[in-house]
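Asks: Can you read through this structure? Questions will come right after.
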DNA sequence: CAACAAATGTGAGCAGTGCTCTTGACATGC
DNA sequence: GCATGTCAAGAGCACTGCTCACATTTGTTG
C-alpha cells in the first residue's frame with residue numbers, strides 16, 4: 001500500500017518533477033516536429049536528437065510513437081478548447097450570434113496558425129493509429145459542446161426563430177439519434193434545430209479544412225477572411241439566429 | 001526530330017505496351033496498398049514485392065514515391081469524377097434538385113467505399129508532397145465544376161429563387177473574387193448565390209469528411225444516410241433550390 | 001556517510017523504409 | 001550480327017520504430 005503515484009502529483013519528489021519536465025519537453029519538441037514535418041514525419045529519433053539524448057532514452061518517458069501522437073492530440077485539443085472558450089466567454093452570455101461568430105473565428109485562427117495540429121485532429125486519420133477514446137473524447141468534444149450550448153441557450157431565451165427558411169423534415173431514424181443526443185446533453189433545443197446545428201458544425205469545419213488543406217486553388221480566393229465571415233453569417237441563418245435586432249429587443253439576459 | 005513519344009501512344013511497340021501494362025499494374029497495386037495502409041504507409045518496396053520484382057525495379061516505371069502518389073491522385077480524381085458525372089447525367093438536365101442530390105450522394109458513396117483515396121484527395125496534405133498542379137487541377141476540379149454548372153443552369157432557367165432566407169451581404173473584397181470566378185467560368189449566376197454555392201461545396205465535403213474520418217463518435221449517429229440526406233436538403237435551401245414544384249411548373253427544359 | 005535500489009542514459013542490433021548506383025542480362029532496330 | 005537501349009538485380013546509404021543488455025546517475029535509507 002504505497003502512495004498512489006497519481007495522487008502524489010502535487011507534492012512531488014524532485015525526480016517526479018524532472019520527469020514531468022522531460023515529458024513536457026518531449027511534447028514541446030514533438031509539436032515543433034509536427035508543425036515542420038507533419039504527423040507522418042513525426043520521428044521519435046529526431047525528438048531524441050533535439051532533446052540531446054540517445055534515441056532509446058525517450059522510450060523511458062513515452063511508450064511509443066503512437067503514445068506521443070496521443071499526447072500531442074490531447075495537447076492540441078486542449079489548446080483549441082482553451083482558445084475557443086476564451087473567445088466565447090469574452091462575449092456576454094446573451095450575445096448568441098456574437099458567441100457563435102467568435103467560436104468559428106477562434107477555430108479558424110487556431111487552424112491557420114497550427115495547420116499540422118489541425119490536420120492531426122480533423123484531417124485524415126493516421127493509418128494504423130487509433131486514438132484511445134477514454135483519453136481523447138473529453139477534450140475532443142469541448143468545441144462542439146460549446147457550439148450546441150450556444151444554440152441551446154439561444155433557444156431557451158427564445159432567440160432561435162423557429163421558422164427557418166426551407167422547412168426540411170427530419171426523418172424518424174435521424175430523430176431517434178437526435179433525441180438521444182438531446183437527452184444525453186440535457187438540451188432543450190428541438191430536433192429540427194439540432195439537426196441543422198449538426199450541419200452547421202460540419203460546415204464550419206468543412207470550410208476551415210478547405211482553407212487549411214489548400215482545397216481552394218492557390219489564387220481562387222484572395223478575400224478569405226471575408227469568405228469565412230460570409231459563411232458564418234449564412235450558417236447563422238440556417239440555424240435560425242439571423243436577426244441581430246431580435247436578440248437585443250427581446251429580453252435576452254446580457255449578464 | 002524523332003516521333004514524340006506521347007504521340008505514338010496508339011500504334012505502340014510491344015515494349016511500350018508492356019511498359020504501360022506494368023505501370024497500370026503498379027497503380028493497381030498501389031491503390032490496394034493505399035486502401036490498406038493509407039497514404040503515409042504507401043511503400044514502393046511493398047508494391048515491388050507484390051509485383052514479384054525487386055524493389056529498385058519499380059523505379060524504371062515510376063520516378064519516385066511521390067510520382068506514384070501523383071498517379072494515384074489522378075486515378076482517384078478520375079474515378080470520382082466519372083462516378084459523379086454518371087450519377088448527374090442519369091437525371092434530366094432540368095432536374096436541378098435531383099442532380100445536386102445525385103452529385104452529393106455519388107461523392108459520399110465513393111468516399112465511403114474508398115476512404116483512403118478520399119483522404120488522399122480531401123484530407124490532410126501529405127507532408128513534403130506537393131501535387132503538380134499542371135497534372136491534377138483539371139481532374140481535381142471536375143466535381144466542383146459540375147456543381148456550379150447545376151447551380152448556373154438552374155439560375156438561367158429561373159429555378160433559383162433569388163430570395164433566400166437570410167439576406168447576407170457579400171463584402172466587396174469577396175465580390176471581386178467571385179466576379180473573376182464568374183468571368184473565368186462564364187457563369188450567369190449572381191455573386192450572392194455563387195458565394196452560397198461555395199459554402200454548399202465546402203459543407204458537402206465537410207459532412208462527408210466528418211463521416212469518413214470518424215469525427216462523429218462511433219455511436220452518435222446510427223442514421224447516417226438520413227443525416228446526410230437531411231444536410232443536402234438544407235443545403236439546397238441555402239442556395240435557393242428548395243421548392244421542387246417550382247421547377248416542374250415553370251418552363252424548365254427537361255430534355 | 002555508505003549502501004542499496006530505482007530511475008535513467010547508452011549503444012548495439014533487428015527489421016523496415018526511400019532511393020541511388022553499378023553490374024549483368026536481354027530484346028529491339030539497323 | 002552487332003550496337004543500342006531497356007530492364008532486373010543486388011549492394012549500399014541514411015533513415016525510421018523499437019528492444020535489450022549494460023552502465024551510470026540519483027534519491028533514499030540503514
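Protein chains in written order, with our numbering: chain A, 1 to 255; chain B, 1 to 255.
From the three backbone atoms N, C-alpha and C, an ideal C-beta is built for every residue, glycine too.
Report all residues from its chain with a CB closer than 7 Å to the CB of residue 129(B); omit the five preceding and five following residues, and keep chain order.
Replies: Same-chain partners within the cutoff: 66 and 69.
Asks: Please confirm if residue 138(A) has its CB atom under 9 Å from at least one CB of chain B.
Replies: no
Asks: Check distances from the C-beta atoms of the stretch 50-75 of chain A to those of chain B and list, in chain order, the residues that come in under 8 Å.
Replies: none
Asks: Flag this pair as yes or no: are the beta carbons of residue 223(B) and residue 173(A) separated by less than 9 Å?
Replies: yes
Asks: Classify residue 21(A): buried if its beta carbon has 16 or more other beta carbons within 10 angstroms, exposed otherwise.
Replies: exposed
Asks: Any Cβ of chain A within less than 9 Å of the Cβ of residue 177(B)?
Replies: yes
Asks: Please report how far the alpha carbon of residue 143(A) lies from the alpha carbon of residue 23(B), in whole angstroms.
Replies: 46 Å
Asks: Using only the alpha-carbon positions, how far apart do residue 215(B) and residue 207(A) sit?
Replies: 15 Å
Asks: In angstroms, rounded to a whole number, what distance separates the CA positions of residue 225(B) and residue 196(A)?
Replies: 15 Å
Asks: Output the distance between the C-alpha atoms of residue 63(A) and residue 19(A), rounded to the nearest integer angstrom.
Replies: 14 Å
Asks: Check the Cβ-Cβ distances between residue 100(B) and every residue of chain A, and say whether any is below 9 Å.
Replies: Interface residue (Cβ-Cβ distance to chain A less than 9 Å): residue 100(B) is not classified as such.
Asks: Rank 178(A), 41(A) and 48(A) by C-alpha distance to the C-alpha of residue 29(A) and give the top, closest one.
Replies: 48(A)
Asks: Counting beta carbon pairs with one atom in the stretch 131-146 of chain A and one in the stretch 227-246 of chain A, are three or more of them shorter than 8 Å?
Replies: no
Asks: Among the residues of its own chain, which have a CB less than 8 Å from the CB of residue 79(B), if the five just before and after it don't count?
Replies: 110, 114 and 117
Asks: Alpha carbons only, please: which of 44(B), 168(B) and 100(B) is nearest the one belonging to residue 151(B)?
Replies: Distances from the alpha-carbon of residue 151(B) to those of 44(B), 168(B) and 100(B) put 100(B) closest.
Asks: Using 8 Å for Cβ pairs, my map puts residue 76(A) next to residue 91(A). What's the rounded Cβ distance?
Replies: About 24 Å separates the two Cβ atoms, so there is no contact after all.
Asks: Does the beta-carbon distance from residue 234(A) to residue 168(B) come in below 9 Å?
Replies: yes
Asks: Buried or exposed for residue 198(B), going by 16 or more other Cβ atoms inside 10 Å?
Replies: buried
Asks: Span of the alpha helix (DSSP H) holding residue 130(A)?
Replies: Taken as a continuous stretch (DSSP letters only), residue 130(A) belongs to no alpha helix (DSSP H), as it is neither H nor E.
Asks: If you draw a straight line from the C-alpha of residue 238(A) to the C-alpha of residue 236(B), how long is it?
Replies: Using only the alpha carbons, I get a separation of about 11 Å.
Asks: Using 9 Å as the limit for Cβ to Cβ distance, is residue 81(A) near chain B?
Replies: Under the 9 Å criterion on CB atoms, residue 81(A) is classed as non-interfacial with respect to chain B.
Asks: Give the single residue among 205(B), 211(B), 190(B) and 104(B) whose Cα lies nearest to the Cα of residue 121(B).
Replies: 205(B)
Asks: Reducing DSSP to helix, strand and coil, say where residue 77(B) ends up.
Replies: helix
Asks: Since residue 72(B) contacts residue 27(B) with CB under 8 Å, what's their CB separation in whole angstroms?
Replies: 7 Å
Asks: Please return the same chain residues whose Cβ sits closer than 6 Å to the Cβ of residue 42(A), not counting the five positions on each side in sequence.
Replies: 33 and 34
Asks: Could you check whether residue 183(B) and residue 146(B) sit closer than 9 Å to each other, using their CB atoms as the reference points?
Replies: no
Asks: Please classify residue 221(A): does DSSP put it in a helix, a strand, or coil?
Replies: coil
Asks: Residue 194(B) to residue 37(A), Cα distance in whole Å?
Replies: 36 Å
Asks: Please check if any C-beta of chain B sits within less than 9 Å of the C-beta of residue 210(A).
Replies: yes
Asks: State yes or no: is the C-beta of residue 232(A) within less than 9 Å of the C-beta of residue 161(A)?
Replies: Contact annotation: residue 232(A) and residue 161(A) have beta-carbon atoms that are not nearer than 9 Å.
Asks: On the three-state DSSP scale, how would you describe residue 171(B)?
Replies: coil
Asks: The alpha helix (DSSP H) with residue 58(B) in it runs from where to where?
Replies: Premise fails: residue 58(B) is in no alpha helix (DSSP H) and is neither H nor E.
Asks: Going along chain B, which residues have a C-beta under 8 Å from residue 196(A)?
Replies: 234
Asks: Checking contacts by CB at 9 Å: is residue 155(B) closer than that to chain A?
Replies: no
Asks: Check whether the Cβ of residue 205(A) lies closer than 9 Å to any Cβ atom in chain B.
Replies: yes
Asks: Looking only at its own chain, which residues have a Cβ that is under 6 Å from the Cβ of residue 249(B), when we skip the five neighbours before and after it?
Replies: Note that residue 249(B) has pLDDT 36, beneath the 50 cutoff, so the model's placement of it is unreliable and the number below is only indicative. Within the same chain, residue 249(B) has no close Cβ partners at all.
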